[in-house]
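**Student:**
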């Protein structure tokens, strides 16, 4: 729509239903496990980590309408003081073995599409709908949207 107004309206409605903004994910998942909340918007890898490794009674639901897929990036910065060491680290981290390990251990979905999918957790092969995003607009306007959220919406819409 070329305007964030609809998104801001949605966030105001969401904010009106927020019981509490916790300081960190551990506190959030503790409160959810104790029944102090029933739903949260959070990143799926963290939910999996707290459920599987820390045995918190939490789960996730992927909406049929789709979810944004955020990929973690890694790069070698040209001219870095230890560029060769950074390059070797990059090569190590991006091997199929390392990506399989982080997928299984930390629930991180690899960005590479050339991996043997049988080496990834079964749930990573389940179909899901990617939410369409205009990454260029997000890159250009995302910081402004976050500033507006913090200054004008977050914690200001209780009924």
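Numbering (our numbering), first residue to last: 1235 to 1393.
The beta-carbon is built from N, C-alpha and C at its ideal position, and this holds for glycine as well.
(1) For residue 1327, I'd like the list of residues in its chain whose CB is within less than 7 Å of its CB, leaving aside the five on either flank, ordered along the chain.
(2) What does DSSP give as the partner residue(s) for residue 1301 in the beta ladder?
(3) Would the stretch 1303–1317 and the stretch 1374–1383 be scored as touching if the rule is three or more Cβ pairs under 8 Å?
(4) Would you list, in sequence order, the uninterrupted alpha helix (DSSP H) runs of no fewer than 4 residues that lie entirely inside the stretch 1292–1351?
(5) Contact between the stretch 1327–1338 and the stretch 1348–1365 is defined here as three or more beta-carbon pairs at a separation below 8 Å; is this criterion met?
(6) Can at least three beta-carbon pairs, one atom from the stretch 1244–1256 and one from the stretch 1264–1276, be found at a separation below 8 Å?
(7) Using the beta-carbon count (16 or more within 10 Å), is residue 1323 buried or exposed?
(8) Consult DSSP for residue 1258 and reduce its assignment to one of helix, strand or coil.
(9) Quick one, are the C-beta atoms of residue 1371 and residue 1242 less than 8 Å apart?
(10) Could you give the distance in angstroms between the alpha-carbon of residue 1225 and the alpha-carbon of residue 1278?
(11) Does the Cβ-Cβ distance between residue 1202 and residue 1303 come in under 8 Å?
(12) Tell whether a beta-carbon distance below 8 Å holds between residue 1391 and residue 1250.
(13) Roughly how many whole angstroms lie between the Cα atoms of residue 1345 and residue 1306?
**Tutor:** Concretely, from the data shown:
(1) 1308
(2) 1364
(3) no
(4) 1317–1327, 1330–1340
(5) yes
(6) yes
(7) exposed
(8) coil
(9) no
(10) The chain is shown from 1235 up to 1393; residue 1225 falls before or after that span and cannot be answered.
(11) Look at the range of the chain in this structure, 1235 to 1393, and you will see that residue 1202 is not part of it.
(12) yes
(13) 8 Å
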